[in-house]
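Chemist: Residue numbers (the numbering used here): 16 to 427.
Quick one: this structure, given as structure tokens, is what I'll be asking you about.
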Amino acid sequence: MKRRLAGLVLAACSLHAITIVENGKSAYTIVTASKPTPSEQRAAQELQRFLEEMSGARLPIVPDTKSVPGPKLLVGDSAAVKRLGVALPLAELGPEGFVLRTKAANVIIAGGRQRGTMYAATAFLEHLGCRWFSTEVSVIPKRPTIRIDTLDVTEKPAFEYREPFFTEAFDKDWAARNRANGAHSKLDASTGGKLEYYPFVHSFYELLPPEKYFAAHPEYYSMIDGKRRFERGQLCLTNEHVLRIATERVEEWIKQHPEATIYSVSQNDWEGWCECDRCRQAEAEEGGKHIGPVLRFVNAVAERIEKRHPDKLIDTLAYWYTEEPPAQVRPRRNVRIRLCPIGICTSHSFGTCPRSAYFLKNLKAWSGITNQLYIWHYNTNFSHYLLPFPDFDELAADIPLYKERGVVGLFM
Ligand SMILES: [Zn+2]
Ligand SMILES: [Zn+2]
16 MKRRLAGLVL AACSLHAITI VENGKSAYTI VTASKPTPSE QRAAQELQRF LEEMSGARLP
76 IVPDTKSVPG PKLLVGDSAA VKRLGVALPL AELGPEGFVL RTKAANVIIA GGRQRGTMYA
136 ATAFLEHLGC RWFSTEVSVI PKRPTIRIDT LDVTEKPAFE YREPFFTEAF DKDWAARNRA
196 NGAHSKLDAS TGGKLEYYPF VHSFYELLPP EKYFAAHPEY YSMIDGKRRF ERGQLCLTNE
256 HVLRIATERV EEWIKQHPEA TIYSVSQNDW EGWCECDRCR QAEAEEGGKH IGPVLRFVNA
316 VAERIEKRHP DKLIDTLAYW YTEEPPAQVR PRRNVRIRLC PIGICTSHSF GTCPRSAYFL
376 KNLKAWSGIT NQLYIWHYNT NFSHYLLPFP DFDELAADIP LYKERGVVGL FM
């Protein structure tokens, strides 16, 4: 699990060089599983396309239904891989991990069936020098002869959710090749899908729309300065009817959006937490933290949802007034917290800047109570989008720090 997404661990030996293409000619065949998944099929096509662009040689793609003579690029697990005496550690690799391995003159380019084999193909092309920097800037080196040393690479993503949130990153090819798997990318069945949210964030009033409930039940909404209100308010999270209605609504969302992995039960994008006696009591029991009643509520929804949908996740935010972790309650197995460092300095890493010390403390505290933390990281200037945003030092230092702290999802 310590293996990083970037950075291949290569075991190279020049004595065993393998020639895949020589002067634009190749004896190799791309062999897929007998019934490849769509993303495995795409992996084979990507290899065919870019090897041809590099060298001029167009390798045939053949499913593993008959014996293929000559050396092979074996894309995905298949009987042909097993005939070579190679057992892939598929269970350990999970849906997105992969191996690159040479066996005699053959190259095994294979991984998890959802996206792993597809990532293996990209990693192999990267090993040959290909890069996809943006939707318009790629580097595909011209190499009429393609020769490699022996390969023995195993990779697994450091994060289960990887979402760079900017327009170019939504492009299907860019996202697939750069191993992004987030909700906003245009990844589809051909790329092994993606991690989908429904709704994405700030969902309290989608759970209980004030226009539907406030007139008859003001007690469902925040008490602020002694008065129930919904304008710039939140929900009263200790009201049992609010819990019942919210749970029913999430059940409806799961029916309407079965493609989603995560359903968001999260605060509105302003303050206005409930100050009723019961909500205050819950906060007091949780060390005086506003997240206390939020996480108790989210856990309660997640516990009810889990009975019928054990594979679905419930998300909430640790953001703004809820960024500091609670004293007692812990996120359930099927809950994901998105911790949002909105107040940090993005010029310096968390560990080196006094302005970010508060966040490092919160990150450490959260990572002490959950190993399923997601991060909503900030990497733009919301007041001046076109200004340069010099956060390269900060990002380079803090992404590994997130990993060290047990973070499993990154939205940027
Ligand atoms: Zn309340
Ligand atoms: Zn700073």
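We put the CB at the ideal spot given by N, CA and C, even for glycine.
Computed from a predicted model, the values in this text were never measured in an experiment.
In whole angstroms, what separates the C-alpha of Cys355 from that of Phe426?
Modeler: Your numbering for residue 355 matches position 340 in the sequence shown. Your numbering for residue 426 matches position 411 in the sequence shown. Rounded to whole angstroms, Cys355 to Phe426 spans 10 Å at the Cα level.
Chemist: Since Val46 sits in a beta bridge, which residues does DSSP pair it with?
Modeler: Reading the sequence shown from its first residue, position 31 is the one you call residue 46. Val77, Leu89, per the DSSP bridge assignment.
Chemist: Do the region 103-117 and the region 68-79 make contact, defined as three or more Cβ pairs closer than 8 Å?
Modeler: No, they do not touch.
Chemist: Please report how far the alpha carbon of Thr262 lies from the alpha carbon of Ser93, in whole angstroms.
Modeler: Taking the first residue of the sequence shown as 1, we reach residue 262 at position 247. Taking the first residue of the sequence shown as 1, we reach residue 93 at position 78. One C-alpha to the other measures close to 44 Å.
Chemist: What residue range is occupied by the uninterrupted beta strand (DSSP E) comprising Tyr278?
Modeler: Taking the first residue of the sequence shown as 1, we reach residue 278 at position 263. Element bounds for Tyr278: 277-279.
Chemist: Do you know whose CA, among Phe374, Tyr236, Asn349, lies nearest Thr361's CA?
Modeler: Here residue 361 refers to the residue found at position 346 when the sequence shown is read from its first residue. Measuring from the Cα of Thr361, the nearest candidate turns out to be Phe374.
Chemist: Would Lys198 pass as a contact of Phe219 if the rule is Cβ separation under 8 Å?
Modeler: Within the sequence shown, residue 198 is the residue found at index 183, counting from 1. Within the sequence shown, residue 219 is the residue found at index 204, counting from 1. For the record, residue 198 in the displayed sequence is Ala; it is not Lys. No. Outside cutoff.
Chemist: Going along the chain, which residues put their C-beta within less than 6 Å of some heavy atom in ligand 2?
Modeler: In chain order, the hits are Cys360, Ser362, His363, Cys368, Arg370.
Chemist: Kindly examine ligand 1 and report whether one of its heavy atoms sits closer than 7 Å to the Cβ of Cys355.
Modeler: By one-based count along the sequence shown, residue 355 stands at place 340. Result no, Cβ not under 7 Å from ligand 1.
Chemist: In angstroms, rounded to a whole number, what distance separates the CA positions of Lys157 and Pro224?
Modeler: Reading the sequence shown from its first residue, position 142 is the one you call residue 157. Reading the sequence shown from its first residue, position 209 is the one you call residue 224. C-alpha separation (whole angstroms): 58 Å.
Chemist: Let me know if Asp79 comes out buried or exposed under the rule of 16 or more other beta-carbons within 10 Å of its beta-carbon.
Modeler: The count along the sequence shown starts at 1 and reaches residue 79 at position 64. By the 10 Å Cβ count, Asp79 comes out buried.
Chemist: Does DSSP classify Asp330 as helix, strand or coil?
Modeler: Within the sequence shown, residue 330 is the residue found at index 315, counting from 1. In the structure shown, Asp330 sits in a strand (DSSP, three-state: E or B).
Chemist: Can you give me the Cβ contacts of His272 inside the same chain, cut-off strictly under 6 Å, excluding the 5 residues immediately before and after it?
Modeler: Position 257 of the sequence shown, counting from 1, holds the residue named residue 272. Once the five neighbours on either side are set aside, the close Cβ partners of His272 are Tyr213.
Chemist: Out of Arg57, Glu286, Ile352, which one is the CA nearest neighbour of Ile277?
Modeler: Taking the sequence shown and counting its residues from 1, one reaches residue 277 at position 262. With distances taken between Cα atoms, Ile277 lies closest to Ile352.
Chemist: With distance defined between alpha-carbon atoms, name the residue in Leu388, Leu140, Ser49, His363 nearest to Lys97.
Modeler: Residue mapping note: residue 97 aligns to position 82 of the sequence shown, counting from 1. Checking every option, the nearest Cα to that of Lys97 belongs to Ser49.
Chemist: Quick one: does Arg244 have its CB under 8 Å from some CB of chain C?
Modeler: As a matter of chain content, chain C is missing from the structure shown, which is built from one protein chain.
Chemist: In terms of alpha-carbon separation, which member of Glu274, Leu378, His232, Phe312 lies closest to Ser281?
Modeler: Indexing the sequence shown from 1 puts residue 281 at position 266. Of Glu274, Leu378, His232, Phe312, the residue nearest in Cα terms is Phe312.
Chemist: What are the uninterrupted segments assigned as alpha helix (DSSP H) that are 4 or more residues long and contained completely in the region 331-387, given in chain order?
Modeler: The region 331-387 contains these whole alpha helix (DSSP H) runs: 372-384.
Chemist: Cβ of Leu243 within 7 Å of any heavy atom in ligand 1?
Modeler: The residue labelled residue 243 in the question sits at position 228 within the sequence shown. Position check: residue 243 holds Arg in this sequence, whereas Leu was assumed. Result no, Cβ not under 7 Å from ligand 1.
Chemist: Only counting runs of 4 or more residues, tell me where the alpha helix (DSSP H) segments fall wholly within the region 159-217, in order along the chain.
Modeler: The qualifying runs are 187-192.
Chemist: Between the C-alpha atoms of Ala125 and Phe181, what's the straight-line distance to the nearest angstrom?
Modeler: Along the sequence shown, read from residue 1 onward, the residue named residue 125 stands at position 110. Along the sequence shown, read from residue 1 onward, the residue named residue 181 stands at position 166. Straight-line Cα distance between these residues: approximately 30 Å.
Chemist: Per the DSSP calculation, Leu115 is bridged to which residue(s)?
Modeler: Residue numbering aside, residue 115 sits at position 100 when the sequence shown is read from its first letter. DSSP output for Leu115 lists Ile124, Val168 as bridge partner(s).
Chemist: In three-state DSSP terms, what is Arg244?
Modeler: Taking the sequence shown and counting its residues from 1, one reaches residue 244 at position 229. In this structure, Arg244 counts as coil in the three-state DSSP scheme.
Chemist: Considering Cα atoms alone, identify which of Val168, Asn394, Pro53, Val422 is closest to Arg128.
Modeler: Looking up residue 128 in the sequence shown gives position 113. When only C-alpha atoms are compared, the closest one is Pro53.
Chemist: Look at the Cβ atom of Ile357, then the Cβ atom of Trp335, and state whether they are nearer than 8 Å.
Modeler: In the sequence shown, residue 357 corresponds to position 342, counting from 1. In the sequence shown, residue 335 corresponds to position 320, counting from 1. The answer is yes: Cβ separation under 8 Å.
Chemist: Within the continuous beta strand (DSSP E) that includes Gly424, where are the two ends?
Modeler: Looking up residue 424 in the sequence shown gives position 409. It spans 422-426 - the beta strand (DSSP E) in which Gly424 sits, taken as one unbroken run.
Chemist: Cβ of Met133 versus every heavy atom of ligand 1: is any distance shorter than 7 Å?
Modeler: The residue given as residue 133 occupies position 118 in the sequence shown. For ligand 1, not one heavy atom lies less than 7 Å from the Cβ of Met133.
Chemist: Which of helix, strand or coil does DSSP assign to Trp147?
Modeler: Start at 1 with the first residue of the sequence shown, and residue 147 comes out as number 132. In the structure shown, Trp147 sits in a strand (DSSP, three-state: E or B).
Chemist: So is Ser237 buried or exposed if we call it buried at 16+ other beta carbons inside 10 Å?
Modeler: Position 222 of the sequence shown holds residue 237. Looking at its Cβ environment, which holds 16 or more other Cβ atoms inside 10 Å, Ser237 is buried.
Chemist: Should Asp203 be labelled buried (16 or more other beta-carbon atoms within 10 Å of its own) or exposed?
Modeler: In the sequence shown, the residue the question calls residue 203 occupies position 188. It counts as exposed.
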